[in-house]
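> The sequence shown maps to residues 18 to 312 in my numbering.
This is the structure I want to talk about, given as structure tokens.
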Amino acid sequence: MSNYSKFGKKERAFGYSVIFPYLAYTAVFWGYPFIWMVVLAFTKWNFFSKPQFVFLRNFLRIFTDSLVIQIALNTLNFLAYLIPMVLFASLFFAMALTKVKFGKTFIMLSFLVANVSSGVGYSLMFSNLFSINGPVNSLIDRLFGFTIPWFRSPQLAIFSICLMITWKFIGYFGLIIYVGMLSIPQSIYEAAEIDGADEKTMFWGITFPLLNPSFITVIVLTVTLAFTMFTEPYLITGGGPMHRTTTFLIYMYDTAFRRMDPSYATALAIVTALASYSLVIPIRKLFEKDVEFVL
Numbered sequence: 018m019s020n021y022s023k024f025g026k027k028e029r030a031f032g033y034s035v036i037f038p039y040l041a042y043t044a045v046f047w048g049y050p051f052i053w054m055v056v057l058a059f060t061k062w063n064f065f066s067k068p069q070f071v072f073l074r075n076f077l078r079i080f081t082d083s084l085v086i087q088i089a090l091n092t093l094n095f096l097a098y099l100i101p102m103v104l105f106a107s108l109f110f111a112m113a114l115t116k117v118k119f120g121k122t123f124i125m126l127s128f129l130v131a132n133v134s135s136g137v138g139y140s141l142m143f144s145n146l147f148s149i150n151g152p153v154n155s156l157i158d159r160l161f162g163f164t165i166p167w168f169r170s171p172q173l174a175i176f177s178i179c180l181m182i183t184w185k186f187i188g189y190f191g192l193i194i195y196v197g198m199l200s201i202p203q204s205i206y207e208a209a210e211i212d213g214a215d216e217k218t219m220f221w222g223i224t225f226p227l228l229n230p231s232f233i234t235v236i237v238l239t240v241t242l243a244f245t246m247f248t249e250p251y252l253i254t255g256g257g258p259m260h261r262t263t264t265f266l267i268y269m270y271d272t273a274f275r276r277m278d279p280s281y282a283t284a285l286a287i288v289t290a291l292a293s294y295s296l297v298i299p300i301r302k303l304f305e306k307d308v309e310f311v312l
């Protein structure tokens with residue numbers, strides 16, 4: 018009995034020694050920031066003064082801030098472009114992968130490079146490509162005799178930024194849809210082919226409906242992405258023109274570090290997270306379907 022107890026103590030000591038680094042990491046890098054976030058949200062602090070408790074004043078201020086309303090509309094505007102662009106591009110990429118016979122791994126990795134590339138690097142690259150005197154406008158001017166103000170018109174600026182983000186995530190989102198395609202049993206297509214269905218009928222009757230979970234995953238990730246955009250609009254347009262490309266993260270950064278009001282920025286971050294979550298819930302309720310394969 019004593020040997021068993023001694024063995025149990027050694028096992029517990031080993032277990033605690035294994036989980037302690039993780040608990041310490043969580044406490045330092047997650048627990049402390051979370052507590053400090055709650056403190057900031059309900060106080061007024063400017064990095065130098067002592068925090069003063071203001072209760073819900075920071076949150077009430079959000080609902081009277083006209084720029085927050087503009088940013089919310091901007092986010093919806095981004096989503097109006099991003100969701101169809103991302104879905105179409107990712108679906109096209111996934112369908113193309115199913116037709117590739119050689120070098121498929123190389124192609125997938127090549128597109129994933131964009132996903133892990135530096136946001137600053139590709140933002141500057143696209144900024145130069147689409148500038149007034151850039152290669153894209155030079156080609157358009159040579160062919161059609163005019164140039165396009167990609168970053169001066171509000172809608173064109175939003176479209177251009179969405180184009181960059183689509184380029185960055187087409188590989189990642191495309192693989193999600195591609196895996197969804199691979200999960201569809203081949204026997205379903207064989208049965209449909211025996212019944213005389215052509216490729217178009219099988220796509221719209223089998224592939225497209227059964228890809229619903231993959232589509233919902235991509236849409237949810239895109240919504241999250243729209244609420245967390247920073248690098249592209251900040252470096253390319255600075256939130257302009259007329260604050261039409263200002264995002265929540267740009268406003269948080271500007272409020273916290275330029276206006277020296279981290280308390281209001283923290284409250285805004287909390288509301289932004291809740292807004293993102295509240296948009297994801299109805300999307301899943303309305304469009305997500307249960308997909309089951311009956312063989």
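Every residue gets a Cβ at the ideal spot worked out from N, C-alpha and C, and that includes glycine.
Taking the straight line between their C-alpha atoms, what separation do you get for I211 and T224?
Taking the sequence shown and counting its residues from 1, the one referred to as residue 211 is at position 194. Taking the sequence shown and counting its residues from 1, the one referred to as residue 224 is at position 207. Taking the straight line from one Cα to the other gives about 17 angstroms.
> Please report the straight-line C-alpha distance between I124 and V71, rounded to a whole angstrom.
As a first step, residue 124 must be located in the sequence shown, where it is residue number 107. As a first step, residue 71 must be located in the sequence shown, where it is residue number 54. For I124 and V71, the distance between alpha carbons rounds to 55 angstroms.
> Report the three-state DSSP secondary structure of T43 (helix, strand or coil).
Locating residue 43 in the sequence shown gives position 26, counting from the first residue. Helix, per DSSP.
> Please state whether the Cβ-Cβ distance between M102 and T183 is less than 8 angstroms.
Along the sequence shown, read from residue 1 onward, the residue named residue 102 stands at position 85. Along the sequence shown, read from residue 1 onward, the residue named residue 183 stands at position 166. Yes, the Cβ-Cβ distance between M102 and T183 is below 8 angstroms.
> Assuming contact is defined by CB atoms lying nearer than 8 angstroms, are A284 and F76 in contact in what I supplied?
Numbered from its first residue, the sequence shown carries residue 284 at position 267. Numbered from its first residue, the sequence shown carries residue 76 at position 59. Yes; because the gap between Cβ atoms is below 8 angstroms, this pair is in contact.
> Do I194 and A111 count as a contact pair if the criterion is CB distance below 8 angstroms?
On the sequence shown, position 94 is the one that residue 111 refers to. On the sequence shown, position 177 is the one that residue 194 refers to. Yes, the pair counts as a contact, with Cβ atoms nearer than the cut-off.
> Between which two residues does the alpha helix (DSSP H) harbouring R276 extend?
By one-based count along the sequence shown, residue 276 stands at place 259. R276 -> no alpha helix (DSSP H), and no H or E assigned at all.
> Straight-line CA distance for T272 to F46?
Residue mapping note: residue 272 aligns to position 255 of the sequence shown, counting from 1. Residue mapping note: residue 46 aligns to position 29 of the sequence shown, counting from 1. For T272 and F46, the distance between alpha carbons rounds to 23 angstroms.
> Check T115 in the structure and name its three-state DSSP category.
Within the sequence shown, the letter at position 98 stands for residue 115. T115 falls in the helix class under three-state DSSP.
> Rounded to whole angstroms, what is the Cα-Cα separation between K49 and Y42?
Locating residue 49 in the sequence shown gives position 32, counting from the first residue. Locating residue 42 in the sequence shown gives position 25, counting from the first residue. The displayed chain sequence assigns Tyr, not Lys, to residue 49. The straight-line gap from Cα to Cα measures roughly 10 angstroms.
> Distance, Cα to Cα, P136 vs T262?
By 1-based counting over the sequence shown, the position of residue 136 is 119. By 1-based counting over the sequence shown, the position of residue 262 is 245. Per the sequence shown, the amino acid found at residue 136 is Gly instead of Pro. The alpha-carbon atoms of G136 and T262 are separated by roughly 17 angstroms.
> Name the one or two DSSP bridge partners that Q69 has.
Here residue 69 corresponds to residue number 52 of the sequence shown, with the count starting at 1. Answer by DSSP bridge pairing, in chain order: K61.
> For W62, which residues in the same chain have their Cβ closer than 8 angstroms to its Cβ, ignoring the five residues on either side in sequence?
In the sequence shown, counting from the first residue as 1, residue 62 sits at position 45. Cβ within range, chain order: P68, Q69, P279 and S280.
> Excluding the five sequence neighbours on either side, which residues of its own chain have a C-beta within less than 8 angstroms of the C-beta of L96, listed in chain order?
For the purposes of this step, residue 96 is taken as residue 79 along the sequence shown, with counting starting at 1. Excluding sequence neighbours, L96 sits near T239, V240 and A243.
> Excluding the five sequence neighbours on either side, which residues of its own chain have a C-beta within less than 6 angstroms of the C-beta of S144, listed in chain order?
Within the sequence shown, the letter at position 127 stands for residue 144. Cβ neighbours of S144 beyond the five flanking positions: I253.
> Give me, in chain order, the residues of the same chain whose beta-carbon lies closer than 6 angstroms to that of A106; leave out the 5 immediate sequence neighbours on both sides.
Residue 106 sits at position 89 when you count from the first residue of the sequence shown. Same-chain partners within the cutoff: T183 and I187.
> For the alpha helix (DSSP H) containing D82, list its first residue and its last residue.
Sequence index remark: in the sequence shown, residue 82 carries index 65 (1-based). That residue, D82, is in no alpha helix (DSSP H); it is neither H nor E in DSSP.
> For P250, count neighbouring Cβ atoms within 10 angstroms of its own Cβ and tell me buried if that reaches 16, exposed if not.
The sequence position of residue 250 within the sequence shown is 233, counting from 1. By the neighbour-count rule (16 or more Cβ atoms within 10 Å), P250 is buried.
> May I have the straight-line CA-CA distance separating L296 from A282, to the nearest angstrom?
Counted from its first residue, the sequence shown places residue 296 at position 279. Counted from its first residue, the sequence shown places residue 282 at position 265. L296 and A282: Cα-Cα distance of roughly 21 angstroms.
> Just the Cα atoms here: how many angstroms apart are S200 and A131?
Translated into positions along the sequence shown, residue 200 becomes position 183. Translated into positions along the sequence shown, residue 131 becomes position 114. Computed Cα separation, rounded: 25 angstroms.
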